[in-house]
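Enquirer:
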Amino acid sequence: MAANLKTYYEELGRAFHSKPSDLKKCQALLPKLKIGLIEAGLLLPQGDVNLGDLSVARDILEVGAYVSIRSKDIPSFDRYFSQLQTFYTDYSESLPPSKREYPIRGLHLIRLLTQNRIADFHTALESLDPDVIAENPFIKHPVNLERWLMEGSYSKVWSAREEAPSEEYKFFVDSLMGTIRNEIASCEETAYESLPLKDAATLLFFTTQSEVITFAQQRGWQVDLTAGTVTFKRKDEEKMEIPKQRIIAASLAYARELEQIV
Amino acid sequence: MADVEMKQANAKPAKDAEEKKKEEQKPIPISPVAEIKSNVLLIDRAVTTLEPRFTHRVLRTLTALRKRIDDSVLRNAIESIYPKDHAVKKNLLAWLPSGPSSTGQEMDVDTSSKTSQAELVPEAEMYLRLLILLHLLASEETQEKALELANETAEKMQALNRRSMDAIAAKIWYAVDRAYELAGELSDARPMFLAAQRTASLRHDDEAQAALINCLLRSYITYNLYDQADKLVSKTTFPPSASNAQFARFHYYLGRIRAVQLNYTEAHTNLQQAIRRAPPAKTAPGFYQAVHKYFVVVELLMGDIPDRSLFRHVVLEKALTAYFDIVKAVRTGSLAQFQSTLSKHAAQFEEDHTYTLIIRLRQNVIKTGIRRLSLSYSRISLRDICIKLNLDSEEDAEYIVGKAIRDGVIEGRIVHDKGWMECGTQKNAYGPEVSEVFGRRIAFCLDLHNQSVKAMRYPLNAHRKELAAAEGAREREKELAKEIQDGELDEDDIGPDF
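Taken in sequence, the protein lines are chains L and X.
Under UniProt numbering, think of the first position of the first sequence as 1, with each following residue one higher.
Under UniProt numbering, think of the first position of the second sequence as 1, with each following residue one higher.
Right under this line is the structure:
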C-alpha cells in the first residue's frame with residue numbers, strides 16, 4: 001500500500017473516532033483515499049490481494065458509509081454500500097468479519113423500507129443467514145418494522161422508533177414516519193367517511209392540530225373547524241366502461257388466427 | 001437446494017450394484033456396452049450427415065444408460081471402440097481404475113471387426129468423456145477425479161469449437177456444474193461459466209447457452225444472490241429452442257427469484273410452467289416436489305388456497321405435509337395456529353429455503369381472518385376483532401382493518417366514534433376482467449396450436465411427392481373430364497340414332 005494512503009487512512013481514523021466525529025475532515029479525506037484505493041486496485045479487488053490491505057479498504061468504505069449517513073447524503077451511502085458488497089459477499093470467507101457489517105446492512109434495509117422498495121428489501125434480506133435475521137439486533141429491527149408495516153400495525157412502528165439499535169438509524173426515522181403517515185392517510189381515505197380532528201391527529205401521530213390541518217390540506221381533505229371534523233372525499237363509483245378498442249382488436253386477432261388454422 | 005433427481009443417482013450406486021447383478025442374469029434386450037457402441041456410431045452418423053437428431057436420440061437414452069454403467073462397462077466400451085494404440089483411448093482409460101481383466105468376452109469379437117474403422121469424430125470422444133464423468137460423479141470417492149476430468153473436458157471442448165458438438169456440450173456443462181457443486185466450489189466456477197455463456201451466445205449455441213444459464217442461476221441461488229440472478233435473467237435471453245428439461249429448470253429458478261421479489265403473479269406463472277414442463281412425477285420426483293413446495297407457498301401468498309387433491313398426490317403427499325399444515329392454518333385465519341405450525345416445521349422450511357417466504361404469510365393469515373369476520377358479521381366491534389385475531393391492541397386492529405379496506409380485501413368502513421367496523425356487501429365480480437381472462441385463455445390455446453405446428457418435422461422434398469401426386473390427380477381429373485365430355489358427345493352422337 002502506498003505511503004500517503006496509509007497516512008490518510010490514519011488521519012481518517014482519528015477524525016472519525018474523535019468525539020464528536022470531524023465530518024468535514026472525513027469528507028475531505030475520503031475522495032483522496034478512494035483515489036488511493038483505485039490506484040492500489042483495492043476499490044474493486046480482483047484476484048489475489050493482500051488480506052490486510054483488503055480489510056483496510058473495507059474499513060475505509062465503512063467509514064465512508066457512516067459519514068455519508070451522518071451528513072445525510074443518501075446517494076453517497078448507496079454507492080458505498082454497493083462497493084462494500086464485494087467485501088461482504090465475495091471475501092466473506094477469507095476476511096475476518098467486520099463488526100460494522102450488520103449495522104451497515106441494517107441501515108441499508110431501513111433505507112429500502114423508507115423508499116417503499118419492498119422487493120429490494122426482501123432480495124437483500126434473502127442473502128442473509130436466517131439465524132442472523134432472527135438474532136442480530138441491527139437486522140431484526142428493520143425486519144420487524146417491515147412486518148408491522150405490511151400488517152398495518154402502524155402504532156408498533158411508531159413506538160419502535162425510539163428503540164433503534166444505533167444512532168444512525170434515527171436519521172431514517174423521520175422519512176419512515178413520512179412514509180407511514182401517507183400509508184395511514186390513504187387507508188383513512190377509504191376506510192372512514194369522516195373523523196374528529198382529535199382522533200385524526202392521534203391516528204396520524206401528530207401532536208398539534210395545526211399539523212393535522214396542514215397535512216389535511218396537502219391531501220385535499222375537507223376540514224370543518226367548527227365541528228372539529230375531517231371529511232374525506234368519496235371517490236365516485238368508477239363508471240364501468242366497455243373497452244371497445246380492446247374487444248375489437250381481440251376479435252380481429254382471433255379471426256386472423258382461425259383463418260390460419262382452417 | 002435439493003436436486004433429488006441427481007441425488008437419487010448418487011444414492012443408488014450401492015443398490016445399483018446389487019440390482020445390476022440381478023439384471024445381468026435376466027435377459028436384457030441390449031447390453032450397456034453394445035448400447036454405448038451403437039450410440040457412438042449414431043453420433044458419428046450425426047456428424048457426417050449433419051443431422052443433429054441422431055445425437056439427440058443418443059442423449060435421450062442418457063438417463064437410462066447412466067444407471068447401468070460401471071467401470072468395466074466403460075472400459076470394455078472404450079477398448080472396443082478405439083483401435084489398439086490410440087492416444088485418445090489411453091487418455092480415457094487413465095480415468096478409470098484398471099480392472100482385473102480388461103478383456104471382456106464380447107469385446108474380443110468386436111475388436112476384430114472394428115480395428116479397420118476410420119478415425120472417429122471428436123464428438124464420440126466427448127460422449128465417452130461425458131459417460132465417464134457421470135459415472136465418476138455417481139460415487140463419492142471419485143468426485144475429486146470427476147472435478148479434474150470436468151475441467152479438462154471443458155477446456156478441450158472449448159478448444160475444439162465444433163457446432164456438431166453443441167448438444168453433447170450442453171450435457172457436459174451440466175456435469176461440470178455438478179462436479180463443482182459436489183466439490184463445494186460452485187462459486188469458483190462462476191467466472192468460467194459466465195465466459196462460456198458469452199461464447200455460447202455469440203456462437204448461437206442454444207443448447208449450451210440454456211444449460212449454462214441454468215447452471216449460473218443455480219449457482220447464484222445456492223448462495224442466495226437473488227439480485228445477481230435477477231440481473232443475469234434480465235441481461236440474457238433464454239433460447240426459445242431449448243429443451244423442455246432446461247425450460248423447466250429455468251422456470252423454476254425464475255419462479256423462485258420472482259417470489260423473493262414479491263412478484264407473486266409472475267412467480268406463479270413460472271412455477272406453473274415448470275410443473276407443466278417437468279418430466280412425469282414418477283421419473284423425477286425430486287424436482288416435482290421442490291417445485292410444488294414453492295408453488296404452494298406462492299399460491300398462499302397470492303391469497304389463494306391450493307387444491308386439496310395436490311396434497312394427496314402419491315409423490316407429494318409425504319414431502320408436503322409441513323406445507324399442508326401451513327395451508328390449514330392460513331385457511332382458518334388463526335394466527336396462533338400459524339405460529340405453532342411455523343415453529344414446529346421451521347427446520348424443514350429452512351432446509352427448503354422457503355422460511356422467509358412463509359414468514360411473509362403472517363399478513364395473509366390476518367387478512368384471511370378479517371375476511372372471514374367481514375363475511376360472517378355485518379357489524380363487529382374492533383375489540384372483538386382484536387380478540388378473535390389475537391392482535392395486541394385495539395389501535396392495531398383499527399389500522400389493520402383500515403389497511404384491509406384500502407387493499408380491497410374487504411368491503412366496509414370503520415365508524416370511529418362507535419369503535420366498530422361495518423361490513424358492506426361484496427362487489428359483483430362480473431366485469432370487463434372476465435373477458436380479459438377469457439382472452440388470455442384463447443391466446444394460450446392459439447399459441448399452443450401454433451407451437452405444435454412449428455414443432456412438426458417436415459422431411460425435405462416431401463412436398464414434391466405430394467405435388468407430383470396432386471399433378472397426377474389433376475391430370476387424371478382432366479382426362480376424366482375429357483372422357484365425360486367425350487362420353488357426352490358420344491351420347492349426343494348416339495342420341496339422334498335413337
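All C-beta atoms, glycine included, are put in the ideal place defined by N, C-alpha and C.
1. Taking all protein chains shown into account, do 16 or more other C-beta atoms lie within 10 angstroms of the C-beta of residue 175(X), making it buried, or fewer, making it exposed?
2. On the CB-based measure, 16 or more other CB atoms within 10 Å of its CB, does residue 32(X) come out buried or exposed?
3. Can you tell me whether residue 7(X) is buried or exposed? The criterion is at least 16 other CB atoms within 10 Å of its CB, across all chains shown.
4. Kindly say whether residue 233(L), judged by its beta-carbon, lies nearer than 8 Å to any beta-carbon of chain X.
5. Could you check whether the stretch 93-109 of chain L touches the stretch 160-169 of chain L, counting it as contact only if at least three pairs of C-beta atoms, one from each stretch, sit closer than 8 Å?
6. Measure the C-alpha to C-alpha separation of residue 319(X) and residue 383(X) and round it to an integer number of angstroms.
7. Under a Cβ-count criterion, where at least 16 other Cβ atoms within 10 Å of its own Cβ denotes burial, should residue 458(X) be classed as buried or exposed?
8. Does the contact criterion of 3 or more C-beta pairs under 8 Å hold for the stretch 126-142 of chain L versus the stretch 365-384 of chain X?
9. Are at least three pairs of beta-carbons, each pair with one atom in the stretch 295-304 of chain X and one in the stretch 243-259 of chain X, less than 8 Å apart?
10. Who does residue 222(L) pair with in a DSSP beta bridge?
11. Check for me: the alpha helix (DSSP H) holding residue 413(X) runs from which residue to which?
12. Using only CA atoms, which one of 125(X), 223(X), 269(X), 386(X) lies nearest to residue 127(L)?
13. Below 8 Å on the Cβ atoms is my guess for residue 193(L) versus residue 413(X); work out the distance and round it to an integer in Å.
14. When we look at the beta-carbon of residue 246(X) and count the other beta-carbons within 10 Å, is it buried (16 or more) or exposed?
15. Give the range of the beta strand (DSSP E) segment to which residue 379(X) is assigned.
16. Looking at the secondary structure, which residues open and close the beta strand (DSSP E) in which residue 239(X) lies?
17. Tell me where the alpha helix (DSSP H) around residue 97(L) begins and ends.
18. Of all the alpha helix (DSSP H) runs that stay within the bounds of the stretch 313-394 of chain X, which reach a length of 4 or more residues?
19. Would you mind reading off the limits of the beta strand (DSSP E) that contains residue 139(X)?
20. Beta strand (DSSP E) containing residue 163(L): first to last residue?
21. Can you tell me where the beta strand (DSSP E) holding residue 194(L) begins and where it ends?
22. Measuring alpha carbon to alpha carbon, tell me which residue in 181(X), 177(X), 227(X) is nearest residue 211(X).
23. Report the CB separation of residue 110(L) from residue 142(L) in whole angstroms; it is logged as a contact under 8 Å.
24. With distance defined between alpha-carbon atoms, name the residue in 40(X), 293(X), 271(X), 347(X) nearest to residue 129(X).
25. Counting beta carbon pairs with one atom in the stretch 329-349 of chain X and one in the stretch 199-215 of chain X, are three or more of them shorter than 8 Å?
26. Since residue 187(L) sits in a beta bridge, which residues does DSSP pair it with?
27. Taking contact to mean 3 or more Cβ pairs, one atom from each stretch, closer than 8 Å, check whether the stretch 247-254 of chain X and the stretch 268-278 of chain X are in contact.
28. From residue 250(L) to residue 439(X), what distance separates their C-alpha atoms?
29. Counting along the chain, where does the alpha helix (DSSP H) carrying residue 173(X) start and finish?
30. Please name the residue in 179(X), 311(X), 123(X), 138(X) whose C-alpha comes closest to that of residue 156(X).
31. Along the stretch 335-356 of chain X, what residues have a CB closer than 7 Å to any CB found in chain L?
32. Which two residues bound the contiguous beta strand (DSSP E) that contains residue 421(X)?
33. Quick check on this structure: which residue in 217(L), 200(L), 252(L), 144(L) has the alpha carbon closest to the alpha carbon of residue 415(X)?
34. Along the chain, which unbroken stretches of the beta strand (DSSP E) at least 3 residues long are found entirely within the stretch 40-83 of chain L?
35. Could you work out which residue in 477(X), 433(X), 360(X) is closest to residue 121(L) when comparing CA atoms only?
36. Report buried or exposed for residue 64(L), applying the criterion of at least 16 other Cβ atoms within 10 angstroms of its Cβ.
Expert: Reading it off the structure:
1. buried
2. buried
3. With a pLDDT of only 43 at residue 7(X), under 50, the local geometry of the prediction cannot be trusted, and the value read off the model is given with reservation. Residue 7(X) is exposed by the Cβ-count criterion.
4. no
5. yes
6. 40 Å
7. exposed
8. no
9. yes
10. 231(L)
11. Counting along the chain, residue 413(X) falls outside any alpha helix (DSSP H), though it belongs to the beta strand (DSSP E) covering 412-415.
12. 223(X)
13. 7 Å
14. buried
15. 379-381
16. Neither: residue 239(X) is in no beta strand (DSSP E) and is coded neither H nor E.
17. Premise fails: residue 97(L) is in no alpha helix (DSSP H) and is neither H nor E.
18. 316-319, 321-332, 335-344, 346-352, 355-359, 361-376, 382-388
19. Careful: residue 139(X) lies outside any beta strand (DSSP E) and carries neither H nor E.
20. Neither: residue 163(L) is in no beta strand (DSSP E) and is coded neither H nor E.
21. 194-196
22. 177(X)
23. 5 Å
24. 40(X)
25. no
26. DSSP, once it has assigned bridges, lists no residue as partnering residue 187(L).
27. yes
28. 7 Å
29. 166-182
30. 123(X)
31. 350, 355, 356
32. 420-423
33. 200(L)
34. none
35. 360(X)
36. buried
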